[in-house]
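Visitor: The numbering of the sequence shown is numbering that gives the first Met the number 0, which starts it at 0 and goes up by one.
Shown below is the structure under consideration.
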Amino acid sequence: MLIDPLQKEFERTQALIDQGPIWPDAAPREVRDHLAARYDFSRPIPLEDVAADVEEMLRRWQVQITHPRYFGLFNPSTTFASVVADALVATYNPQLATWRTAPAPNEIERHTLDWLAGRFGLPSNAIATFTNGGAEANLSAVVAALTDAFPDYGDDGLRGLSAAPVIYLSAEAHHSFSKIAHLTGLGRKSIRAVSTSSDLRMDLHALAREIRRDRQNGFAPLMVVGTAGTTAAGAIDPLPELAQLCRDEGMWLHVDAAWGGAAILAPSLRHYLAGIEFADSITCDAHKWFSVSMACGMFFCRHPETVARTFRAAAAYMPGSAGDTTFDPYTHSVQWSRRFAGLKLFMSLAERGEPGMAAMIEHQARMGNVLRKSLTAAGWRVVNKTPFPLVCFTRDGLDVPAFLAELKKEQIVWMSEVHLNGFSAVRACITSFKTTEADIHDVVRAITRIVPRGESPAAR
Ligand SMILES: Cc1ncc(COP(=O)(O)O)c(C=O)c1O
0 MLIDPLQKEF ERTQALIDQG PIWPDAAPRE VRDHLAARYD FSRPIPLEDV
50 AADVEEMLRR WQVQITHPRY FGLFNPSTTF ASVVADALVA TYNPQLATWR
100 TAPAPNEIER HTLDWLAGRF GLPSNAIATF TNGGAEANLS AVVAALTDAF
150 PDYGDDGLRG LSAAPVIYLS AEAHHSFSKI AHLTGLGRKS IRAVSTSSDL
200 RMDLHALARE IRRDRQNGFA PLMVVGTAGT TAAGAIDPLP ELAQLCRDEG
250 MWLHVDAAWG GAAILAPSLR HYLAGIEFAD SITCDAHKWF SVSMACGMFF
300 CRHPETVART FRAAAAYMPG SAGDTTFDPY THSVQWSRRF AGLKLFMSLA
350 ERGEPGMAAM IEHQARMGNV LRKSLTAAGW RVVNKTPFPL VCFTRDGLDV
400 PAFLAELKKE QIVWMSEVHL NGFSAVRACI TSFKTTEADI HDVVRAITRI
450 VPRGESPAAR
């Protein structure tokens, strides 16, 4: 594969994105009319024309998440290595369901995941697979925890259990767990959203109280989900204490580090993840802070036997297993057919090396600190506390929706609304390794200038 022309094209496109608008202005009718007018599929269209038209649509009708002033929802700018990897994967189209069908791709994934599992401090026999994303990894964790706690769950289902299992997470945890409770048959009421302290971390006393009460009422406390980098505010639950409590209570500890897990590579940040090494399972998305293109989630588990029992499958039409030191992903994960998703993380790591990847992660953390300082200096009030680059802020009387509408109208920056402790605030996350100090100072100047039009008297 010729890297050079692809790189030139990538850089040309990125430069266009960087200079263009961030927020789209698209009505469903407009996009649908465009598609209906051109694509009834009754005649062939040269691929070059289709590609040019799709690119035009992508530029006009989507939020530009790789823009350096997209301060968004963990969606990253992407490394060029991801683009090369995706092109290679589409060209060779390896099938990773079984080891025998794709020895090199399977071993590349395993090599990458084993290395990262080591960084998390998991034992050398821990098992890991790439997932579509964090939601699939969280689903894998819940099903593995159920299988571990209730050996008959796989065959008899929830019907066979004498007590209803319960999942504990903080009120700030990711909402994929509600869907997972629904999907697994546990039911959405099996989730206990434990209250948080003022810094939005799970309140350990409230957690212990909930567990005690549930035991008294005949429930079966199953697992605790500690979030390392909550979606709304970047809070990190007290992982060492959660690990101790899970040991004492005989419960499964899952750490949802979908975004924050990347901090494990950053020398200045990794200590904030202390305790993750005790987790029974971990979610971490490479398509967030590792700046790898979607979809590239990861599920890690310290109990390979449990994972094998959870996802076991036997099908005579599949190639047989290759031996003791290998495993077939389709018998160890949710997916059956499996895309070679891990290549982009492998290639990004190989190209930059751990120091290069760490520098990229640290750069974003530094930009988060610059943003925090710059906002405070301009009279804004930061309302969350995290070492990660996620800043929630407000000022007295701010009408957040009106403020965001103004950001869009002037195409200053992409930010979103968040509700913390019952109050509305603006959420800004540094998700792009391209964001510079100059971008941040320009943004803070511009948003401070528009505030009076966002109906907020400047309160100091
Ligand atoms: C903490 C956390 N967990 C899980 C998820 C779900 O990840 P995905 O969107 O990759 O499925 C997210 C998404 O932002 C998240 O922030």
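Glycine included, every Cβ here is placed at the ideal spot set by N, Cα and C.
Please read all numbers here as calculations on a predicted model, not as lab measurements.
Please report the distance separating the alpha-carbon of VAL412 from that of TRP22.
Guide: Taking the straight line joining both Cα atoms gives about 8 Å.
Visitor: According to DSSP, is HIS418 part of a helix, a strand, or is it coil?
Guide: Looking at HIS418 - three-state DSSP - the assignment turns out to be strand.
Visitor: What span of residues does the alpha helix (DSSP H) with VAL49 cover, start to end?
Guide: It spans 46-59 - the alpha helix (DSSP H) in which VAL49 sits, taken as one unbroken run.
Visitor: Taking PRO43 as part of the beta strand (DSSP E), name the residues at either end of that continuous run.
Guide: That residue, PRO43, is in no beta strand (DSSP E); it is neither H nor E in DSSP.
Visitor: Taking SER161 as the reference, which of VAL83, ALA148, ASP395 has the closest Cα?
Guide: The option with the nearest alpha carbon to SER161 is ALA148.
Visitor: Quick one: Cα of PRO20 to Cα of ASP154, how far?
Guide: If you take the alpha carbons of PRO20 and ASP154, they lie about 53 Å apart.
Visitor: Alpha carbons only, please: which of SER197, PHE70, SER76, GLN13 is nearest the one belonging to ARG421?
Guide: It is worth fixing the name first, because residue 421 is Gly in this sequence and not Arg. The shortest Cα separation from GLY421 among SER197, PHE70, SER76, GLN13 belongs to SER197.
Visitor: Does the Cβ of ASP3 have 16 or more other Cβ atoms within 10 Å, making it buried, or fewer, making it exposed?
Guide: Exposed.
Visitor: Which of the three DSSP states is assigned to ARG191 in this structure?
Guide: Strand, per DSSP.
Visitor: Assuming VAL425 and PHE392 are in contact, meaning their beta carbons sit under 8 Å apart, how far apart are those beta carbons, in whole angstroms?
Guide: VAL425 to PHE392, Cβ: 6 Å. Contact.
Visitor: In the DSSP assignment, find the unbroken alpha helix (DSSP H) run with PHE119 in it and report its ends.
Guide: PHE119 -> alpha helix (DSSP H) spans 102-119.
Visitor: Can the beta-carbon of PHE73 be found less than 9 Å from the beta-carbon of TRP258?
Guide: In contact: PHE73 and TRP258 (Cβ atoms closer than 9 Å).
Visitor: So what's LEU344 in DSSP terms, helix, strand or just coil?
Guide: If DSSP states are grouped into helix, strand and coil, LEU344 belongs with the helices.
Visitor: Out of curiosity, what's the CA-to-CA distance linking LEU145 and ALA404?
Guide: Spanning the two alpha carbons is a distance of roughly 45 Å.
Visitor: What span of residues does the alpha helix (DSSP H) with VAL390 cover, start to end?
Guide: Counting along the chain, VAL390 falls outside any alpha helix (DSSP H), though it belongs to the beta strand (DSSP E) covering 389-393.
Visitor: If you count every other CB in all the chains shown that lies within 10 Å of the CB of ARG371, and 16 or more means buried, which is it?
Guide: With 16 or more Cβ atoms within 10 Å of its Cβ, ARG371 is classed as buried.
Visitor: Ignore the nearest five residues each way along the sequence and tell me which others in VAL142's own chain have a CB closer than 6 Å to its CB.
Guide: Here the set comprises THR309.
Visitor: Mind the definition here: the stretch 234-246 touches the stretch 209-225 only if three or more C-beta pairs lie below 8 Å; say whether that holds.
Guide: Yes: at least three Cβ pairs fall under 8 Å.
Visitor: Skipping 5 residues on each side, what residues in its chain have a beta carbon closer than 6 Å to that of LYS433?
Guide: Counting only Cβ-Cβ distances below 6 Å, and skipping sequence neighbours, we find PRO67, SER76.
Visitor: If contact is defined by three or more beta carbon pairs under 8 Å, each pair taking one atom from either stretch, is the stretch 277-285 in contact with the stretch 295-312?
Guide: Because the criterion of three Cβ pairs below 8 Å is met, the stretch 295-312 and the stretch 277-285 touch.
Visitor: Smallest Cα separation from PRO104: which of PHE129, LEU115, GLN363?
Guide: Looking at the Cα atoms, PHE129 is the closest of the given residues.
Visitor: Let me know the secondary structure DSSP gives SER373 once reduced to three states.
Guide: Correct three-state label for SER373: helix.
Visitor: Taking 8 Å as the cut-off, is the C-beta of PHE73 nearer than that to any heavy atom in ligand 1?
Guide: PHE73 Cβ: within cutoff of ligand 1.
Visitor: Using beta-carbon positions only, say whether ALA101 and MET346 come within less than 9 Å of one another.
Guide: No, the pair does not count as a contact, with Cβ atoms beyond the cut-off.
Visitor: Could you tell me which residues DSSP pairs with ILE126 in its beta bridges?
Guide: Partner(s): CYS300.
Visitor: At 4 residues or longer, what runs of the alpha helix (DSSP H) sit wholly inside the stretch 188-241?
Guide: 203-215, all fully within the stretch 188-241.
Visitor: With which residues is PRO164 paired in a DSSP beta bridge?
Guide: Note: PRO164 sits in a beta bridge opposite ALA219.
Visitor: State the Cα-Cα distance for the pair LEU168 and ILE190, rounded to the nearest angstrom.
Guide: Rounded to whole angstroms, LEU168 to ILE190 spans 7 Å at the Cα level.
Visitor: Can you check whether the CB of LEU272 is closer than 9 Å to the CB of PHE119?
Guide: Yes. Within cutoff.
Visitor: Mind checking whether PRO122 and VAL165 have CB atoms under 9 Å apart?
Guide: Contact flag unset, no.
Visitor: Among all the DSSP beta bridges, which residues are the ones paired with SER280?
Guide: For SER280, which the question treats as bridged, DSSP gives the partners HIS253, CYS300.
Visitor: Output the distance between the C-alpha atoms of ALA86 and PRO328, rounded to the nearest integer angstrom.
Guide: So the alpha carbons of these two residues sit roughly 22 Å apart.
Visitor: Just the Cα atoms here: how many angstroms apart are SER423 and GLY396?
Guide: Rounded to the nearest angstrom, the two C-alpha atoms are 11 Å apart.
Visitor: Determine the extent of the alpha helix (DSSP H) in which GLU29 is found, giving its start and end residues.
Guide: Here the alpha helix (DSSP H) through GLU29 covers 27-37.
Visitor: Can you tell me whether TYR316 is helix, strand or coil according to DSSP?
Guide: It is coil, neither helix nor strand.
Visitor: Could you check if ILE16 is buried or exposed, using at least 16 other CB atoms within 10 Å of its CB as the buried criterion?
Guide: With 16 or more other Cβ atoms within 10 Å, it is buried.
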